[in-house]
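J.: Chains as they are written, first to last, in the UniProt record's numbering: chain C, 1 to 629; chain W, 1 to 629.
Here a beta-carbon is modelled for each residue, glycine too, at the ideal position from N, C-alpha and C.
1. By how many angstroms is the C-alpha of residue 251/W removed from the C-alpha of residue 40/C?
2. Is it the case that the Cβ atoms of residue 21/C and residue 36/C are separated by a distance below 8 Å?
3. On the DSSP letters alone, give me the boundaries of the alpha helix (DSSP H) that residue 516/C sits inside.
4. Could you name the residues of the same chain whose beta carbon sits closer than 7 Å to that of residue 611/C, not counting the 5 residues immediately before and after it, in chain order?
5. Please check if any C-beta of chain W sits within less than 8 Å of the C-beta of residue 258/C.
6. Beta carbon of residue 444/C, beta carbon of residue 472/C: below 8 Å?
7. Keeping to the same chain, check which residues put their C-beta closer than 6 Å to that of residue 359/C; ignore five residues upstream and five downstream.
8. Mind pulling the chain C residues with CB within less than 7 Å of residue 120/W?
9. Would residue 233/C pass as a contact of residue 171/C if the rule is Cβ separation under 8 Å?
10. Work out the CA separation of residue 620/W and residue 393/C for me, nearest whole Å.
11. When the cut-off is 8 Å and only beta carbons count, does residue 37/C lie next to chain W?
12. Residues in its own chain within less than 6 Å of residue 345/C by CB, not counting five upstream and five downstream?
13. Report yes if the C-beta distance between residue 331/C and residue 380/C is below 8 Å; otherwise report no.
14. Chain C beta carbons: is any one of them nearer than 8 Å to that of residue 629/W?
15. To the nearest angstrom, report how far apart residue 211/W and residue 149/W are at their CA atoms.
16. Could you check the C-alpha separation between residue 241/W and residue 46/W for me, to the nearest Å?
17. Is there a Cβ from chain C that is less than 8 Å from the Cβ of residue 397/W?
18. Run through DSSP, which three-state label would residue 187/W get?
19. Is there at least one Cβ from chain W nearer than 8 Å to residue 107/C's Cβ?
20. Kindly indicate the opening and closing residues of the alpha helix (DSSP H) around residue 266/W.
21. What residues are listed by DSSP as bridge partners for residue 112/W?
22. Going by DSSP in three states, residue 603/W sits in which element: helix, strand or coil?
23. In this structure, does DSSP put residue 423/W in helix, strand or coil?
24. By the 9 Å beta-carbon criterion, what residues does the region 435–459 of chain C contribute toward chain W?
25. What are the boundary residues of the beta strand (DSSP E) that residue 236/C is part of?
26. Reducing DSSP to helix, strand and coil, say where residue 259/W ends up.
27. Can you list, in chain order, the residues of its chain with a C-beta nearer than 7 Å to that of residue 589/C? Leave out the 5 residues immediately preceding and following it.
28. Taking 8 Å as the CB-CB cut-off, is residue 546/W touching chain C?
29. Are the C-beta of residue 104/C and some C-beta of chain D separated by less than 8 Å?
30. Distance check for residue 580/C and residue 549/C, CA to CA, integer angstroms please.
31. Please compile the residues from chain W whose C-beta is within a distance smaller than 7 Å of the C-beta of residue 419/C.
32. Can you look up residue 458/W in the DSSP assignment and give me helix, strand or coil?
33. Between residue 512/W and the rest of its own chain, which residues show a CB-CB distance below 6 Å, the 5 nearest in sequence each way excluded?
34. Residue 631/C versus chain W: which residues are under 7 Å apart at the beta carbon?
35. Is there contact here, the region 56–75 of chain C with the region 89–108 of chain C, by at least three beta-carbon pairs under 8 Å?
36. Quick check on the burial criterion: 16 or more other C-beta atoms within 10 angstroms. Buried or exposed for residue 4/C?
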């Protein structure tokens, strides 16, 4: 039974969390005090009695993990850190200031924050990823706690998480929904109708517990019940009041994301019983376990392919990933129900214990990858490249999380043929280039794919590999190297009149064009720009110098933002990019401009004017033109 | 009671739909016959007895609407069109061929297809949009029928649709889930567990009916029950078998997305009772109603702002949208629970009957916009620009749908300040530029915003407006015009040494830099590139000619794919883009390169080197440099 003393301690801590949330935001002049106040009682009990976390060793594999999905309640999180003794009152007052670790929404700039939040509906799907790691890979008994706002349950990604968590029986995952009834601009869709939340959660296979989120005994009992269940995840649906504890704020509209003015602050703090400086000793995990390593690392034996054979790069991806799996026990794979198309199924068959089927839920897939890398796994997540666009916000946020994930998109471009435009990724290079910390790779051959996949594993940031559906000729030897940031000069002479730059499927069109042009005694350099970001600036500059500034870039992508844009950037003045000093640039971009339909790959490449015919024509238009116009 | 004759007719039609799905895919050599066969009985009954549709007048406002969310079952849809007498057997055999209207997945190239499908989980949320139009705007009694696959219910967007459909009591919306148990690579998550589907649907407020999807009587009864309910949407959860009717296919793995070979086809057709050439008369809608026009159009009176005042462009968006609402009764607005930040709330207050609160569900918001434009409404959908990235796949598919929608993203860039990177859109220009049919606008001033908003209404395709959180000076008169595709030369002289190109917040930094440079006797041209796509190529070329090729582009966006990329494209050889013939281009791109944190807008602009200081430095580096390097 809970003692009166215990209740008093919790109460005092909760009031301190409220007071500190107000103090920090008032100093900052902005932020979300009222959203921080509604779940303060719940957090007080969690921090005092349930969380198992060694603040001095955030990487301790036995630590529980806490994700503040309602990231705008960052002041509450920082107040908790203060109560735990790891940040000072002084640092709390740096909230939202330039250079402070206490950003407006939490990011891993703080050592105790695993993932950035603030785009709502992401914390729970990421929590699923961490819980998958805990239950199936680490096999350690830690818990993953996720605090959600009620508004964010409108996001479908939250229901992808509900679905996957029960599918994978994640009894180590505990969600708390802070049902304070008020969103940014008014009442939420469901208000305080906690029964509906509970019914939905139960239909998705969860234990659902409805409580008064300001009743400390109910909170305590709910946490106990959550820890007791061992066949499903638990969600605690807590009815709360926004701005709880201050009459002028409590359950009132118009206070979302507003700091109190000095006079209001004074009154509010008085009402909450004044400032406190309570420090609590957060319990460290009792367990001293180590993650279960899944298999013994073998020397890396990448697949090899014979030159001249026809092999799809997606096929090589599956082979290489499987090889990587043998060599690196931390490599894990996820796929969104198309593993027989992306060839992630090879890995799934070889290492079923390290493969997670994510069904058709790309947001959850990317979020799970982010969660898995929190625990140092190296997730490769694959789907059709077109469908990765479903999770673009998760990729954007993964960058804010400083996450290290690998995304693999197959079936890129119109060269997929008959299936039509819904299945064709034509914007993926643009979208993925415009992500901080990203690497964008687009191999043209199976041996090259294998070498790139092996480098992806240790590459930090968001690493994207674009693969091709069609089988294409193997043009490189299996012993060649393809460093990220490099390129490959596939054809060159000392008489080159232009340079053709392709990648993936279009490199093969460039090679066909090379042959035809050579028959007409026009020699061109052909560059395989397999590393779209970072791009090989020096090789491009040299080619432009050697070929009179004539460049033709050809890509199976919309005209905007892809390979052509990457090449143009190599010649622009951007930060530390070396300056180009050669003949004046004359660059032609060949890319998809009209909405394609169905057809054979060859027909579609031709219709879009990104095939050998179009390249030949473009090169001729350049070499015929006098220099210097 | 259903007669034996009726049952026989339905059976025969269903068999024909199966046979034709096989015939078309065998000729094509690819496609999805088995996924077309499982729901054939359901479609036979729908087409024969429930659908109200005038195939000769697809725009008839009283028509029911049918959306094939499982777009890979396109052969079934085309077989239905053949049965309805609107396409020939010959055209059926053109499936998946270049130039055919019968693409691998349905697109509006066909007059009876309202929206493209094929990226799963989109049909139902789009159906919500059409049903919103029917119930609240048209106020006509047509129904919206959506056929989903079972696999696609893993997509969170489906649950956003379940949620919103019940919230808006869309009793005119009827979903059918074809539970054939088999996904692309194996069993679905829930298999034939139709009870779980039903429980989830009911928890989300729907009438759920479980049936045997091959029992014609049960199908008929379910449709009747769906039409009878008038307080909620209905979902029919139909247990079916993939490849139904052919023993070598039925309920077997390994047959997803595979056409039968000629010999297999012959056997299968025999088993299904041979070819049939049944034509049916689809019932036309009995009603002859017209859409209820919501209000009488008034002359357009755009808001005006005094030069020198400080007004946020997001504020002007709200004002202008409201003005547009008075002038154009077809303008409707949606927002994802941030209408008090985007200022869509002004429209919501003025025209509550034309405003749809989408809560925090950006995928559903964009899908609803697509659905609303099916019925000729002009939807403006707004959220923080960062969060529109949540619906990127829906934007991509909206382009395939040839949809006319307007997206408005507020709080763009690091200039939002303290809230930190999770709230900052820094990839939106890149992402939206790389969408077919897109227009990308980024105004710098309130009067300009109003003029652009008024042009958005009639602009086809995906039209994106990026607005700024901060208040910025009004620099233009309210009588000035800002055509899409244009730009504005804000400062110029006949002694300009360089050109600075900005848009939105950075234009104001450019103007500050102009003043400072002028004090040092360096004159620069300043261009406001408010139309990022299409960009004003001629004005850029002229500026480059006039200012010795010295261009500085400054944008509050990542370095990739945004305004700088648009300017570079203006000087590249792309299709019909005019050729530049002036001094050699020396272009400096100033954009965000490091992950920002919190800070004041001014601090963050400075830290990112996209403020006046950085512009001054860049211009000086250019004008100091001798020409021709």
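T.: By the coordinates alone:
1. Numbered from its first residue, the first chain carries residue 40/C at position 40. Numbered from its first residue, the second chain carries residue 251/W at position 251. One C-alpha to the other measures close to 53 Å.
2. The sequence position of residue 21/C within the first chain is 21, counting from 1. The sequence position of residue 36/C within the first chain is 36, counting from 1. It is a contact, given that the beta carbons lie within the stated cut-off.
3. Locating residue 516/C in the first chain gives position 516, where the first residue counts as 1. Element bounds for residue 516/C: 505–519.
4. Working through the first chain from its first residue, we reach residue 611/C at position 611. Same-chain partners within the cutoff: 509, 605.
5. On the first chain, residue 258/C is found 258 positions in, with the first residue counted as 1. Output row for residue 258/C: interface = no.
6. Translated into positions along the first chain, residue 444/C becomes position 444. Translated into positions along the first chain, residue 472/C becomes position 472. Judged by beta-carbon spacing, residue 472/C lies within the 8 Å limit of residue 444/C, meaning their Cβ atoms are closer than that value.
7. The residue given as residue 359/C occupies position 359 in the first chain. Residues 337 of the same chain have their beta carbon placed closer than 6 Å to that of residue 359/C, with the five preceding and five following residues left out of the count.
8. In the second chain, residue 120/W corresponds to position 120, counting from 1. Those are 360, listed as they occur along chain C.
9. In the first chain, counting from the first residue as 1, residue 233/C sits at position 233. In the first chain, counting from the first residue as 1, residue 171/C sits at position 171. Less than 8 Å divides the Cβ of residue 233/C from the Cβ of residue 171/C.
10. Sequence index remark: in the first chain, residue 393/C carries index 393 (1-based). Sequence index remark: in the second chain, residue 620/W carries index 620 (1-based). Their backbone Cα atoms lie some 38 Å apart in a straight line.
11. Sequence index remark: in the first chain, residue 37/C carries index 37 (1-based). By this cut-off, residue 37/C is not an interface position.
12. Taking the first chain and counting its residues from 1, one reaches residue 345/C at position 345. Correct list, in chain order: 339.
13. In the first chain, counting from the first residue as 1, residue 331/C sits at position 331. In the first chain, counting from the first residue as 1, residue 380/C sits at position 380. The answer is yes: Cβ separation under 8 Å.
14. Sequence index remark: in the second chain, residue 629/W carries index 629 (1-based). Note that residue 629/W has pLDDT 38, beneath the 50 cutoff, so the model's placement of it is unreliable and the number below is only indicative. Cβ-Cβ to chain C under 8 Å: yes for residue 629/W.
15. Locating residue 211/W in the second chain gives position 211, counting from the first residue. Locating residue 149/W in the second chain gives position 149, counting from the first residue. Their Cα atoms are separated by approximately 15 Å.
16. Within the second chain, residue 241/W is the residue found at index 241, counting from 1. Within the second chain, residue 46/W is the residue found at index 46, counting from 1. Cα to Cα, residue 241/W sits roughly 18 Å from residue 46/W.
17. As a position in the second chain, residue 397/W is number 397, starting the count at 1. Chain C, which has a Cβ nearer than 8 Å to the Cβ of residue 397/W, makes this yes.
18. The residue labelled residue 187/W in the question sits at position 187 within the second chain. Strand, per DSSP.
19. Translated into the one-based positions of the first chain, residue 107/C becomes position 107. True, the Cβ-Cβ gap to chain W drops below 8 Å.
20. Position 266 of the second chain, counting from 1, holds the residue named residue 266/W. It spans 262–271 - the alpha helix (DSSP H) in which residue 266/W sits, taken as one unbroken run.
21. The residue you call residue 112/W lines up with position 112 of the second chain. DSSP output for residue 112/W lists no bridge partner at all.
22. By 1-based counting over the second chain, the position of residue 603/W is 603. Residue state, collapsed to three classes: helix.
23. For the purposes of this step, residue 423/W is taken as the residue at position 423 of the second chain. Helix.
24. The residues in question are 435, 436, 437, 438.
25. Translated into the one-based positions of the first chain, residue 236/C becomes position 236. Its beta strand (DSSP E) spans residues 234–239.
26. What you label residue 259/W is simply residue 259 of the second chain in a count that begins at 1. It is coil, neither helix nor strand.
27. Translated into positions along the first chain, residue 589/C becomes position 589. The beta carbon of residue 589/C sits closer than 7 Å to the beta carbons of 553, 559, 564 from its chain, once the five residues preceding and following it are set aside; these are given in chain order.
28. For this step, residue 546/W is matched to residue 546 along the second chain. With a threshold of 8 Å between beta carbons, residue 546/W makes no contact with chain C.
29. You won't find chain D in this structure, because its protein chains are C and W.
30. In the first chain, residue 549/C corresponds to position 549, counting from 1. In the first chain, residue 580/C corresponds to position 580, counting from 1. Spanning the two alpha carbons is a distance of roughly 11 Å.
31. Position 419 of the first chain holds residue 419/C. What residue 419/C touches in chain W: 104, 105.
32. Walking along the second chain from the start, residue 458/W turns up at place 458. It is coil, neither helix nor strand.
33. Translated into the one-based positions of the second chain, residue 512/W becomes position 512. Excluding residues within five positions, the ones whose Cβ falls inside 6 Å are 612.
34. No answer is possible for residue 631/C: it lies beyond the span of chain C, which begins at 1 and ends at 629.
35. The answer is yes - the region 89–108 of chain C touches the region 56–75 of chain C, with three or more Cβ pairs under 8 Å.
36. Here residue 4/C is taken as the residue at index 4 of the first chain, counted from 1. It is exposed - the Cβ of residue 4/C has fewer than 16 other Cβ atoms within 10 Å.
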